[in-house]
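Have a look at the structure below, then the notes.
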Amino acid sequence: MLELWRQCLARGGSMLSVVSCMELGETVPPGFATLKDWERFPGVVDYYCVPFIAPEKQENAPQVGNEMLELLSTVCRSVHMELTIVDAGQVDTQKNLLDSTGFCSLLRFGDRKERVLLKANHQRIVYIMCKTGEKRAWVFAMAYLMSQCGMEYQEADRHLRQLREFHPSPAQVEIALKFLMHTFKAQRAEDRAEEHTYLKVLTPVLSLSLYYRNRLFRELERLA
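Residues 816 to 1039 in my numbering are what the sequence shown spells out, letter by letter.
This is how it looks when you write it as structure tokens:
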């Protein structure tokens, strides 16, 4: 963990975002950091937990539901935008949630991050954790690239395989494909909502006199 923090600092990072793709209670290989270890980590940590399909469950994989897809979408967006899902006062509550369900969107340790955020030039390093780095980490990386970077499935997969070798199972490939469809449907719904808002705004604008329409256009141009 100290070596990981040294690498974070060497890359100009002042905060580490950890995305754990492992299940609660899953056997952690020797040398892997546990949740308690991250609490004692010397740097500033956001800890996201997105449990995927553990190796021993591959033969009888659970059905991929909207709950998992929504959680995955939320974590991808939060990692990308540095959104606060819970405040420091809710950390204990979130720990209990993690202990009881195995699902947790975000754990934030102490108030250390607040001090880091005061630095205008702070930079985060994202660390995706699973047992081998070849299967479940691929799922999250694919979801992140497709939802936050606008990549198609093939483009995201090709990009990752240029960096290293991955071996996702058929069940994990299914998660990535279903997430792509989920993201596409969500985007279409957002587009329809925005079109509806546009039409609602357009009607009163067109009812304005020419003077105020021109004035509005000038204001929009200035703001843009």
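Every residue gets a Cβ at the ideal spot worked out from N, C-alpha and C, and that includes glycine.
Which residues in the same chain have their Cβ closer than 6 Å to the Cβ of residue i, if we skip the five residues on either side of it in sequence?
i, result
"V834", "Y863, I943 and F955"
"L932", "Note on L932: pLDDT 46, under 50, position unreliable in the model; no value is reported."
"D914", "Confidence at D914 is low in this model, with a pLDDT of 44, below 50, so the placement of that residue should be treated as unreliable; the coordinate-derived value is given next. Here the set comprises nothing."
"Q963", "C891 and H895"
"C823", "L831 and I940"
"R976", "none"
"N1029", "none"
"S1041", "In the structure displayed, the chain extends from 816 to 1039; residue 1041 sits before or after that span and is not available."
For residue i, which residues from the same chain have a beta carbon less than 7 Å from its beta carbon, with the 5 sequence-adjacent residues on both sides left out?
i, result
"T916", "With a pLDDT of only 43 at T916, under the threshold of 50, the placement of this residue in the model should not be trusted; the figure read from the coordinates follows. Contacts found: none."
"A971", "M957, L960 and M961"
"T899", "With a pLDDT of 46 at T899, under the threshold of 50, the modelled position of that residue is not reliable, and the figure given next carries that caveat. Correct list: empty, nothing qualifies."
"H1042", "Any question about residue 1042 goes unanswered here, given that the chain covers just 816 to 1039."
Would a C-beta distance cut-off of 9 Å place residue i and residue j closer than the cut-off?
i, j, result
"C891", "Y959", "yes"
"M966", "A991", "no"
"M816", "R939", "no"
"F994", "S832", "no"
"V879", "E949", "no"
"W820", "F847", "no"
"L884", "H997", "yes"
Give me, in chain order, the residues of the same chain whose beta-carbon lies closer than 8 Å to that of residue i; leave out the 5 immediate sequence neighbours on both sides.
i, result
"C836", "V865, P866, F867, I943, M944, C945, R951, A952, V954 and F955"
"E980", "E949"
"P844", "K946"
Taking the beta strand (DSSP E) that residue i falls in, what are its first and last residues?
i, result
"S1022", "Taken as a continuous stretch (DSSP letters only), S1022 belongs to no beta strand (DSSP E), as it is neither H nor E."
"V941", "R939 to M944"
"V834", "M830 to S835"
Where do the N-terminal and C-terminal ends of the alpha helix (DSSP H) with residue i fall, by residue?
i, result
"V890", "N881 to M896"
"R821", "L817 to A825"
"K851", "L850 to E854"
What distance in whole Å lies between the Cβ atoms of residue j and residue i, which are believed to be in contact at a cut-off of 8 Å?
i, j, result
"V1020", "L1038", "Incorrect: roughly 15 Å between the Cβ atoms, too far for contact."
Any heavy atom of the ligand NAP closer than 8 Å to the Cβ of residue i?
i, result
"R892", "As far as ligands go, the structure on display features none, and thus does not contain the ligand NAP."
| message | Please give the ranges of any alpha helix (DSSP H) in the segment 951 to 1008, keeping only runs that are unbroken, at least 4 residues long and fully inside the region. | response | Counting whole runs of 4 or more residues, the segment 951 to 1008 contains the alpha helix (DSSP H) stretches 951 to 963 and 968 to 978.
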